[in-house]
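In what follows, a structure is listed as structure tokens, so that the remarks can point back to it.
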Amino acid sequence: MRLRFNGRLKSFFHQNKWFNMEESWLNSSMSILVVDDDPGIVDILVDFLRELDYRVECASNGVEALALLAVKDFDLMLTDINMPVMGGMELIKRTKAQEKCPVIIVITAYSSVQSAVESVKFGVYDYIAKPFNLENVSNVVERALEKQFLQHENVNLKEMMALYRASESISSQFGLDQVVKVLFDSAASFTKADFMALYLDDARNGEKADFKLWQRQLFCWLPKTERYLLSFLPKKLSSAFAEKYFTNYSSKLFKVDDPLVSSIFKGLQKPAHFSSMMAFSLKERNRLVGVLILVSFNREVIFSDKLRRSFYMLVSKAAAAIENTYLYDNLQRQYVETVESFALALEAKDSYTHGHSHQVSLYASLIARHLKFTADELAALQQAAILHDIGKIGISETILNFPRKLTESEFSQVREHPCKGRDILAPISSLTTVAAVVYHHHEHWDGKGYPDGLKGQAIPLMACVVGIADAFDAMTSQRPYRAPATLEMAFAELQKEAGRQFDPDLVKLFISQKGEIERLMASRLENDTSLLRRKTDQRLASQLQLRLAREAVA
Amino acid sequence: MKVTIKLFASFRQGRFIVKECEYEGKISILQVLHEFAIPLVGVGVLLCNGRHVDFDCELVEDDVCSIFPKVGGG
Chain V
14 MRLRFNGRLK SFFHQNKWFN MEESWLNSSM SILVVDDDPG IVDILVDFLR
64 ELDYRVECAS NGVEALALLA VKDFDLMLTD INMPVMGGME LIKRTKAQEK
114 CPVIIVITAY SSVQSAVESV KFGVYDYIAK PFNLENVSNV VERALEKQFL
164 QHENVNLKEM MALYRASESI SSQFGLDQVV KVLFDSAASF TKADFMALYL
214 DDARNGEKAD FKLWQRQLFC WLPKTERYLL SFLPKKLSSA FAEKYFTNYS
264 SKLFKVDDPL VSSIFKGLQK PAHFSSMMAF SLKERNRLVG VLILVSFNRE
314 VIFSDKLRRS FYMLVSKAAA AIENTYLYDN LQRQYVETVE SFALALEAKD
364 SYTHGHSHQV SLYASLIARH LKFTADELAA LQQAAILHDI GKIGISETIL
414 NFPRKLTESE FSQVREHPCK GRDILAPISS LTTVAAVVYH HHEHWDGKGY
464 PDGLKGQAIP LMACVVGIAD AFDAMTSQRP YRAPATLEMA FAELQKEAGR
514 QFDPDLVKLF ISQKGEIERL MASRLENDTS LLRRKTDQRL ASQLQLRLAR
564 EAVA
Chain H
2 MKVTIKLFAS FRQGRFIVKE CEYEGKISIL QVLHEFAIPL VGVGVLLCNG
52 RHVDFDCELV EDDVCSIFPK VGGG
């Protein structure tokens, strides 16, 4: 019978290699504590159970048993009821109050069967009446241990499920703040750690790992004498410290007497409540993402190796999620850079419109500030402002730089640029909103604009915003055929066209920010002059070279 | 053929705790009990290599046979 149970355990091992193999109750034989004041009974039970391959220890009364239970984990306890010093009932009550409680079987004489039955009320699994027959003992013990095994399995499975759910939740988070929050919350509930610190490698700084303390949190209330931990731990567990000591392994458990722990507390009075520390390095695709440190100041919360291993699963999920947010940020950044280089390419064709896109995006943001746009909408507006004239890539340079008013056929070509812009941006699915704004930015409030001739509220709000910003910057900048208008002239023109070309509310909003607009115009003028100077210098230099070359030939 | 015989509790009195025995040919636990003059009625449990067995179980090379008396107590 014993063999059958062993066999089942073994097959469980083979099927579940991922499972915690080092778990004490799986790793070796199960352990039993025999408590009886009759040495004859204890001897035979110990001999018999050892023959059946259990690890057996014995005690002669309740006090001795409690002392053993305090230092060792037992799977099962066989106890007598009538014993000196401390009897069985008291022992059962006290054992049941402990967190890790073995399954209990009572051995009792016929005369006290009544009390054995009573003991079942306290959660005792079964009882054996004396005089007993050994075969019966082995049956009862085996059944009880099987129950204990299933209970362990159930608890483990529940823990695993909870961890699995937490890790799923981490994977579905978006944004660094969210991922870190879920990681800290789950760490607090699973490990009951009191202090946590997360150091992340700032991936943006190129090749070299640059550790920064991202977040730390103290969950416990510490007595006054230990409050200093708050100020000293972050210093001791600094980024450099984390990088030096915690990045060589994937996860590690530090007991109170670990040399590293001693070095942390070197020169300081070791806090009485320090109990244990765990460190995890977050790795994703062989890249070190960061380090997570958990500390417990509660003597009853001592991190176990099992906890370390199960929690590592969650940490690796978090590492993947954090790396993902980095990758996404990267993608976003590269994408924005691409968009900006588009705009630069456009402006390179036309020296007079240099800086125009950038300026339009600044004016548009100024208006948007009062429109309660979300962060995403604001980003889309800025991109649209930068890209609004992208369609001009398809129009001949001679027309764009023509130093007089355009003929009707030339003008009809210019009118195609919103349409061309939309076609250029159409293949990029994430730019749908931006493409719509580009397409409609020349619509007029009274419906006389192009390309669709939309009227009033039918025009997308962002397109109206870009329209005003575009017109204002065009008026106030230098053109081949006219001098720039002053701020007052441009405002007057905007007010005249409010309700005709422009949304009147947006015009009011724009004009109300005169101070800001003046500042933006001034900074543009500065940029332009410096650019002009550079261009003039270049021209002078090339003329000089040409002249030198000619003289050399002569 | 070498087998190990282990005796427990009262069976140890006047006998031994563990003994390695040499036998030629087949031998059953019943014969072993007879050899050491252990009364059949007093036997509680018989284990062979940690498994419950019966009197007529035949021992083979390197077997460990444990013999327990019936237990009283109170």
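Chains V and H, in that order, are what the protein sequence lines are.
First residue of the first sequence: 14, per our numbering; consecutive thereafter.
First residue of the second sequence: 2, per our numbering; consecutive thereafter.
Think of the CB as a built atom: it goes at the ideal place given N, C-alpha and C, for glycine as much as any other residue.
Computed from a predicted structure; not experimentally measured.
*asked:* Can you find the residues in the same chain that come closer than 7 Å, C-beta to C-beta, to S11/H, ignoring five residues on each side of it along the sequence?
replied: When the five nearest sequence neighbours on each side are left out, the beta carbons in the same chain lying within less than 7 Å of the beta carbon of S11/H are those of P70, in order along the chain.
*Find out if the Cβ-Cβ distance for the pair M488/V, A503/V is shorter than 9 Å.*
Contact flag set, yes.
*asked:* What would DSSP say about Y24/H, mapped onto helix, strand or coil?
replied: Looking at Y24/H - three-state DSSP - the assignment turns out to be coil, as it is neither helix nor strand.
*Where E35/V and K27/H are concerned, what is the direct C-alpha to C-alpha distance, given to the nearest angstrom?*
Its pLDDT being 39, under 50, E35/V is placed unreliably in this model, and the coordinates cannot settle the point.
*For G15/H, does the count of other Cβ atoms within 10 angstroms reach 16, so buried, or fall short, so exposed?*
Taking a 10 Å sphere around the C-beta of G15/H, we find fewer than 16 other C-beta atoms and assign the residue as exposed.
*Any C-beta of chain H sitting closer than 9 Å to the C-beta of G101/V?*
Closer than 9 Å: no.
*Relative to the ligand NAP, is the shortest distance from any of its heavy atoms to the C-beta of R435/V smaller than 8 Å?*
Inclusion of the ligand NAP in the displayed structure is not the case, the ligand content being empty and no account of it being possible.
*asked:* Less than 8 Å between C-beta atoms, sequence neighbours within five positions excluded: which residues of the same chain meet that for L419/V?
replied: Once the five neighbours on either side are set aside, the close Cβ partners of L419/V are I412 and V427.
*Give me the Cα-Cα distance between L507/V and A392/V, rounded to the nearest whole angstrom.*
Pairing L507/V with A392/V, the inter-Cα distance amounts to about 25 Å.
*Listing by chain order, which chain V residues have their CB less than 8 Å from the CB of L41/H?*
What L41/H touches in chain V: nothing, since even the nearest Cβ is about 15 Å away.
*Which of the residues in the segment 9-28 of chain H, read from start to end, lie with their CB under 7 Å from any CB of chain V?*
Residues passing the 7 Å Cβ filter: F9 and A10.
*Neighbour-count burial assignment, L41/H, 16 or more Cβ in a 10 Å radius*: With fewer than 16 other Cβ atoms within 10 Å, it is exposed.
*Closer than 9 Å, CB to CB, is E148/V near chain H or not?*
Closer than 9 Å: yes.
*Nearest candidate by alpha-carbon position, reference G368/V, set L357/V, A377/V and S378/V*: Of the candidates L357/V, A377/V and S378/V, the one whose C-alpha sits nearest the C-alpha of G368/V is L357/V.
*Closer than 7 Å, Cβ to Cβ, to anything on chain V: give me those residues from the segment 32-60 of chain H, in chain order.*
Answer set for the segment 32-60 of chain H: G45, V46, L48, G51, R52 and H53.
*Indicate the three-state DSSP secondary structure (helix, strand or coil) for V168/V in the structure shown.*
In this structure, V168/V counts as helix in the three-state DSSP scheme.
_So, for I141/V: in the same chain, excluding its five sequence neighbours on each side, which residues have a beta-carbon less than 8 Å away from its beta-carbon?_
When the five nearest sequence neighbours on each side are left out, the beta carbons in the same chain lying within less than 8 Å of the beta carbon of I141/V are those of L91, I118, V119, I120, T121, N149, V150 and V153, in order along the chain.
_the segment 456-463 of chain V contacting the segment 394-403 of chain V, beta-carbon criterion three pairs below 8 Å_ = The count of Cβ pairs closer than 8 Å, one atom from the segment 456-463 of chain V and one from the segment 394-403 of chain V, stays below three, leaving the stretches out of contact.
*Can you give me the start and stop residues for the alpha helix (DSSP H) that T92/V sits inside?*
In this chain, T92/V is not harboured by any alpha helix (DSSP H); it is covered by the beta strand (DSSP E) spanning L89 to D93.
*What distance in whole Å lies between the Cβ atoms of C432/V and G404/V, which are believed to be in contact at a cut-off of 8 Å?*
Going by Cβ atoms, the distance from G404/V to C432/V rounds to 7 Å, so yes, they are a contact pair.
*So with Cβ pairs under 9 Å, would you call V72/H a contact of chain V?*
For V72/H, the answer is yes, since a Cβ of chain V falls inside 9 Å of its Cβ.
_Quick check: the Cα distance between S422/V and S409/V, rounded to an integer number of angstroms?_
CA-CA distance, S422/V to S409/V, rounds to 13 Å.
_Just to confirm my understanding: we take E6/V, look at its own chain, exclude 5 residues before and 5 after, and list those with CB closer than 7 Å. What are they?_
Residue coverage of chain V in this structure runs from 14 to 567, which leaves residue 6/V outside it and unanswerable.
*Which residues of chain H have a Cβ atom closer than 7 Å to the Cβ of F267/V, listed in chain order?*
Going along chain H, no residue has its Cβ under 7 Å from F267/V, so there is no contact; the nearest lies around 40 Å.
*Exposed or buried, L538/V, counting other C-beta atoms within 10 Å across all chains shown (16 or more means buried)?*
Note on L538/V: under 16 other CB atoms within 10 angstroms of its CB, so exposed under the neighbour-count rule.
*asked:* By the DSSP assignment, the beta strand (DSSP E) with K7/H in it spans what residues?
replied: Note, K7/H: beta strand (DSSP E), K3 to L8.
*asked:* Can you tell me whether M174/V is buried or exposed? The criterion is at least 16 other CB atoms within 10 Å of its CB, across all chains shown.
replied: Per the 10 Å Cβ criterion, exposed.
*Find the residues of chain H that neighbour F145/V, judging by a C-beta separation of less than 7 Å, and give them in chain order.*
V72, listed in chain order.
_Please confirm whether E64/V has its beta-carbon closer than 9 Å to some beta-carbon of chain H._
Yes, its Cβ sits closer than 9 Å to a Cβ of chain H.
*DSSP on F145/V, reduced to helix/strand/coil?*
For F145/V, the three-state secondary structure derived from DSSP is coil.
*Three-state secondary structure (DSSP) at G303/V?*
Strand at G303/V.
*Taking only runs that begin and end inside the segment 284-344 of chain V, name each unbroken beta strand (DSSP E) of 3 or more residues, in chain order.*
At a cut-off of 3 residues, the continuous stretches assigned as beta strand (DSSP E) that sit fully inside the segment 284-344 of chain V are 289-297 and 300-309.
*With DSSP as the reference, label F568/V as helix, strand or coil.*
Residue 568/V is absent from the structure shown; chain V starts at 14 and stops at 567.
*Is there contact here, the segment 304-322 of chain V with the segment 194-207 of chain V, by at least three beta-carbon pairs under 8 Å?*
Verdict: yes, contact present.
*Beta bridge counterpart(s) of E70/V as assigned by DSSP*: Bridge pairing for E70/V: L46/V [DSSP].
*With 9 Å set as the bound, which would you pick, yes or no: does the beta-carbon of K97/H sit closer than that to a beta-carbon of chain V?*
Nothing in the structure corresponds to residue 97/H, since chain H is present only between 2 and 75.
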